[in-house]
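**Q** Right, I'll just put the structure down here and ask away after.
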Amino acid sequence: VSIAKRILSSQSTCKYKILALENNAGKCNAYNKAYQNSTGLIITLIGADDIAPTFRTLTALKAMISSKSSYVYGHYRTFEFSNGFQISKTTKLLLINPCFYNAVPGGTSFLSRTLADLIFPIPISLPAEDWYISYQAYMNNVTPYCVNDCLLYYRVHDFNSTSTKSRPVYLTAIKREI
């Protein structure tokens with residue numbers, strides 16, 4: 011919280027609100043609290059350990075306007091620190107209904123408030139938001155528009171929300187919530 015306050019206090023172009031949760035109740039719970047306190051017309055999520063590329067938001071917003079889509083996503087690059095700082099090539103996502111073939115990190119997604127109102131709250135029993143958001147968009151007849159650009163640097167580590175559980179267990183949790 012202190013780092014966020016220090017960084018954000020130096021900028022004056024964007025409105026922001028810092029919410030500090032008293033205990034760690036999971037990523038989806040934190041996203042739900044942030045959503046409840048948001049007021050914007052466009053919603054995006056980003057993990058605390060991920061990095062937003064320069065012009066990420068501007069790129070996504072231009073795509074939303076030009077495509078007239080209520081849901082856009084982009085590609086991502088992973089990075090890690092296990093053997094020094096290493097960054098991957100851009101991962102391009104493949105769309106296969108009703109979900110993405112490879113999980114879309116939430117930080118690559120931008121949703122209209124109207125669509126987000128249909129999706130939130132995200133079930134807090136889920137370890138992550140990405141597949142759930144994609145599925146709920148699909149169930150609301152929304153086809154996401156792909157921005158052919160990197161919208162996220164996604165940190166890979168042993169405690170990523172989907173790496174701590176096997177994919178079948180994770181998909182079972184999603185099916186249970188849906």
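Residues 11 to 188 (my numbering) make up the sequence shown, in order. We put the beta carbon where it would ideally sit given N, CA and C, even for glycine.
What's the C-alpha gap between F89 and T101?
**A** Roughly 12 Å between the two C-alpha positions.
**Q** How big is the Cα-Cα spacing for I13 and N150?
**A** Answer to the nearest angstrom: the Cα atoms are 38 Å apart.
**Q** Could you please give the first and the last residue of the uninterrupted beta strand (DSSP E) stretch that includes Y148?
**A** Where Y148 is concerned, there is no enclosing beta strand (DSSP E), although the alpha helix (DSSP H) it sits in stretches over 140-149.
**Q** Between E32 and the ligand NAP, is there a pair consisting of the residue's CB and a ligand heavy atom that are separated by less than 7 Å?
**A** You won't find the ligand NAP in this model; it holds no ligand whatsoever.
**Q** Spatial neighbours of K72 within its chain, please: CB distance less than 6 Å, with the 5 preceding and 5 following residues excluded, ordered by chain position.
**A** None.
**Q** Decide if C24 is buried, meaning its Cβ has at least 16 other Cβ atoms within 10 Å, or exposed.
**A** Exposed, by the Cβ-count rule.
**Q** Which of the three DSSP states is assigned to L161 in this structure?
**A** Here L161 sits in strand by DSSP.
**Q** Do you know whose CA, among V152, S98, K27, I17, lies nearest V166's CA?
**A** It is S98.
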